[in-house]
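Reading through the structure tokens given below for one structure.
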Amino acid sequence: MKKFNFRKVLDGLTASSPGSGSGSGSNSSGAGSGSVHPGGTAGLLREEIQESLTSDYFQICKTVRHGFPYQPTALAFDPVQKILAIGTRTGAIRILGRPGVDCHCQHESGAAVLQLQFLINEGALVSASSDDTLHLWNLRQKRPAILHSLKFNRERITYCHLPFQSKWLYVGTERGNTHIVNIESFILSGYVIMWNKAIELSTKTHPGPVVHLSDSPRDEGKLLIGYENGTVVFWDLKSKRAELRVYYDEAIHSIDWHHEGKQFMCSHSDGSLTLWNLKSPSRPFQTTVPHGKSPREGRKSEPCKPILKVEYKTCRNSEPFIIFSGGLSYDKACRRPSLTIMHGKAITVLEMDHPIVEFLTLCETPYPNEFQEPYAVAVLLEKDLIVVDLTQTNFPIFENPYPMDIHESPVTCTAYFADCPPDLILVLYSIGVKHKKQGYSNKEWPVSGGAWNLGAQTYPEIIITGHADGSIKFWDASAMTLQMLYKLKTSKVFEKQKVGDGKQACEIVEEDPFAVQMVYWCPESRIFCVSGVSAYVIIYKFSRHEITTEIVSLEVRLQCDVEDIITPEPETSPPFPDLSSQLPSSRSLSGSTNTVSSEGVTKDSIPCLSVKTRPVRMPPGYQADLVIQLVWVDGEPPQQITSLAVSSAYGIVAFGNCTGLVVVDFIQKTVLLSMGTIDLYRSSDLYQRQPRSPRKNKQFIAGLTELNDSPVPLELERCKSPTSEARENSYNRSRSSSISSIDKDSKEAVTALYFMESFARKNDSTVSPCLFVGTSLGMVLLISLNLPSSDEQRCTEPVMVLPSGTLLSLKGAVLTFSCMDRTGSLMQPPYEVWRDPNNTDENEKTWKRKLVMNYSSASQETGDHQYAIICSEKQAKVFSLPSQTCLYVHNITEASFILQAEVVVMCNSACLACFCANGHIMIMSLPSLRPMLDVNYLPLTDMRIARTFCFTNEGQALYLVSPTEIQRLTYSQEMCDNIQDMLGDLFTPIETPEAQNRGFLKGLFGGSGQTFDREELFGEATAGKASRSLAQHIPGPGSIEGMKGAAGGVMGELTRARIALDERGQRLGELEEKTAGMMTSAEAFSKHAHELMLKYKDKKWYQF
């Protein structure tokens, strides 16, 4: 355990300037140059802080991914293991089982997944990707890995089929050929069904790509091949010839067998279904257009939209199910995508909210030659996954246990809380469960495979997501799972926007005027605060009781009127403005949106949205206590909010933007401070600034709500994002220092706020309520809060808010604050213990506020008692308070800038976690700022990652990896080591159900499938070897599972070196074997030559 000595200098020494500390290393303990005030006395106080964290405590590792797979393309189901797999356009595969069994794996190539096939009850999965490669995944480990890959070089893969309990995979291609792959060795068989041999020789046209492959349920030696142009070939594998051919004049999309193997059904591009009998293949046994109009006599049915897929499933005790997607009439263009279920004479059309990507019927048996007995249909939509219960006549859907609706409205912000109060999850769930949707199937979720244990991680975790429609979702994220607890709709506070109305909101945002920009939550006091893109802040209090009340609202006019250049001379500095002039009265918003009578009138003192003025019923849960809105100023819309902080102990909320700072007392519902950023400096401003009025161009937040990953210029994304306006420079260029940027940018945004019991001034001897204010130019100001002493006075006496004059500086925009006490323990801001504000109990009415200050009274010794940690876009500094001496400086990055920074607790010690724009994740110890970890984790491709990345305690972090998915990760070495115990098992040993007894007559006349030997037919001995140029076998890294996500780390390098050495040793071993074989051959040749020489040694020439 390393010890660090802090040397305290006289209080008269000042903190170093940004330039003087810029060259300090990560372990620098000097404060830079300083000066001694007259009258100062010398003296030193030596303190020791033991830092227990070392680099061995940290490692980066992805843990679990939540949400709906983005851009899905394929679906598969194992009917024995009861697990589901979803493939995506980005090459990802999600495998789902019972709640807690949720696995994500990724193809390195990133090619889209075309098709998935389970090796039923074998713990393996075959994926076909758009780069014409087949992959075999091993599911018998918690993190699946590829065992083999087979790359087709000359043909494009279009369809795959793996018969049950077979090791031979049929692969159809775009050229119309069918190849066969050995699943065990992943080597191509020499047996090929060429398209020109499958069709009749008289046919002059190419049949098109293979769209279907399946073996006959009646005879495994017969293969049904469907071609796109409407040709179906019934191929005899033994005799290598077509037993029969079927032709239809409409393109085929899919085929499915009747379980007896005598009939099959096709779906076509004209919306028709054809049923064929093998005994009469000349024409279809039955043709129907399910959604077509009844044809007149002698006329064909009107064509409908293509039926993309059909499944034909039989039941022992009822009519068969015919289930298909598409096929609607063209005259119903406005109808939504639908799934049609035909059962007997009943036809049910299930309309979907999103286009159907794929569907599968879940059946009781894996054997294709038995009654299928379907019980559910899994439907994969573009943005959802639903499962329909077929056992009930009204076909209800099952309640989905996975968090597939994270993107119900686009996610605009996130917050992550680990090790929060344990009762919160139960409280939020008890409120949220009352508002759950009804009408689900009463049966259990059918995808119930795998096994999952709680694991060692038992502390409660909560994730909060803010959305574009103004909704807030609270999620239980404990133990690697994610379940929604409670949903809050902030838009209910405002009046609904009428058509053509609310144009003032559109002046700020293109769409989604209720979009949530940032949230602030105090779990202990249950105070919740939201800021939106329409320049408003809502404060919520939690209550178990329903109330009906009016919503109190405040309108704040925030502007910067000073146009003269401010000089650093104290005598020429303007006097501090009178606070009384900064206190706008609370007034009703009734009719406020109608104050603009015509387009020519300048808008002024108008909010962007209208708060409801009538009494509003508020159900139990979070209830709006106060709404604060910024208003238009002289025709300019209010600027979006860039920082937010709340203190339940002080009863104060503070927020800022690029114009200035607002401080509001939410107990008395009054504005305490509304001031331009420049006015906050008073005489402490060291630099000349030319302030200007709010910008005239609109602010757009399309970047908040995008659901596509289309490439957008990063500079444009920067403008769209709800981050500091001071970052509007080129995304790839590094930010200049705060000193050099002052002349370039006259607007100084408030980027960070922090309430804490601290020392507002150098000569303070005791702590007092303070507000730390950080700006986009790297300046830190301390504002003193003078609160009434008693509860009674707190509700009536005014709160004084005054800038203290304290000024600290860093490079780049300030991102975060935190404080430590003199022992090195992280200090938590004070808070008020929660009590129900609407409790009718008499004892509760007389209950006084209970505050938890988290700070021991200062000792009588003279000296510093607190350390302030401040992190900006470029560097981190540790100051000693109240002397304001800079103890440590660490220049985190020069070529890039920090996007997210947070002081977190891990193993009962504090550290600083940073996420950089160049993709690096960095951890530094506190207070010495020693680098503990620096890993190039991921490249920042868009602002979604920057906007949603957040750290929390216990080594946890998350970000929105796609518009529909949350990726969680850990930077804790201990958690990386234990991750295997926390993940679910995808494969569990289950006995394959026995096939039904077919009976004597069926066994005698039911075909020759039982005697068919695929090994004999497709093996190398009979079929020979396939051409090497046709496909390339690639060994997979399935046996290598030691990476553990430590890319770029020493362990990763050692692992790769060990793998390279193993491969080299393997090649050397093969070379040694070949050499030994050559030596043996040479010895044998020498022996035979010697024997030959002895045989003919004594013979004459004429004896030969």
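According to numbering that gives the first Met the number 0, the sequence shown is numbered sequentially starting from 0.
Heads up, the beta-carbon is just placed ideally off N, CA and C, and yes, glycines get one too.
Item, Value
"Element boundaries [alpha helix (DSSP H), containing A945]", "942-947"
"Contiguous beta strand (DSSP E) assignments of at least 3 residues, all confined to the stretch 148-228", "156-160, 167-172, 177-181, 186-192, 209-214, 221-226"
"Which of helix, strand or coil DSSP assigns to V934", "strand"
"Alpha carbon of F1017 to alpha carbon of W194, nearest angstrom", "18 Å"
"Other residues of its chain near N152: CB distance less than 7 Å, five sequence neighbours each side excluded", "S1028, L1029, A1030, Q1031"
"8 Å contact criterion, which H466 and T413 should meet: CB distance rounded", "10 Å between Cβ atoms; not a contact."
"Three-way DSSP call (helix, strand, coil) for E1082 in this model", "helix"
"Between the CA atoms of I463 and M341 - distance to the nearest angstrom", "42 Å"
"Paired residues, beta bridge with G531 - DSSP", "V515, Y535"
"Buried or exposed (CB count within 10 angstroms, at least 16 for buried), R240", "exposed"
"For D820 and P836, the rounded distance between their alpha carbons", "33 Å"
"Three-pair Cβ contact test at 8 Å for the stretch 927-941 versus the stretch 389-397", "no"
"Residues bridged to L553 (per DSSP)", "I627"
"DSSP three-state assignment for M264, whether helix, strand or coil", "strand"
"Residue interval of the alpha helix (DSSP H) (run including F1017)", "1013-1017"
"Proximity of S201 and A1022 at Cβ, strictly below 7 Å", "no"
"Cβ distance (whole Å) where I978 is taken to contact L959 below 8 Å", "The pair is not a contact, with the Cβ atoms about 21 Å apart (cut-off 8 Å)."
"Close-in-space but distant-in-sequence residues of the same chain around T480 (CB under 6 Å, 5 per side omitted)", "G99"
"E1090 in three-state terms, based on DSSP", "helix"
"Residue environment, V386, which counts as buried when at least 16 other CB atoms sit within 10 Å", "buried"
"Residue range of the unbroken beta strand (DSSP E) whose run includes S128", "123-128"
"Distance between R967 and E199 (C-alpha atoms, nearest Å)", "56 Å"
"Residue from T947, M755, Y866 whose Cα sits closest to the Cα of I1104", "Here the chain covers residues 0 to 1103 and nothing more, so residue 1104 does not appear."
"Limits of the unbroken alpha helix (DSSP H) element including S440", "Per DSSP, S440 belongs to no alpha helix (DSSP H) and is neither H nor E."
"4-residue-minimum alpha helix (DSSP H) runs that sit fully inside the stretch 394-445, ordered along the chain", "422-431"
"Closest residue to Y539 among Y519, L557, V555, S533 (Cα-Cα distance)", "Y519"
"Euclidean distance between Cα positions of K308 and S324", "6 Å"
"Start and end residues, beta strand (DSSP E) containing E310", "306-312"
"Which listed residue (R613, E554, V615) has its alpha carbon closest to that of D603", "E554"
"Sequence-distant residues of the same chain with beta carbon closer than 6 Å to L671, five excluded per side", "V662, D664, V798, V800"
"Distance between S51 and H889 (C-alpha atoms, nearest Å)", "19 Å"
"Proximity winner among E242, E1090, I526, relative to V645 (alpha-carbon distances)", "I526"
"Cβ distance (whole Å) where G1131 is taken to contact S895 below 8 Å", "The question about residue 1131 has no answer, for the chain in this structure spans 0 to 1103."
"Contact check, Y970 vs E523, beta carbons under 7 Å", "no"
"Nearest candidate by alpha-carbon position, reference K495, set L557, L770, D468", "D468"
"Spatially closest choice to P1036 from L83, H205, E107, by CA coordinates", "E107"
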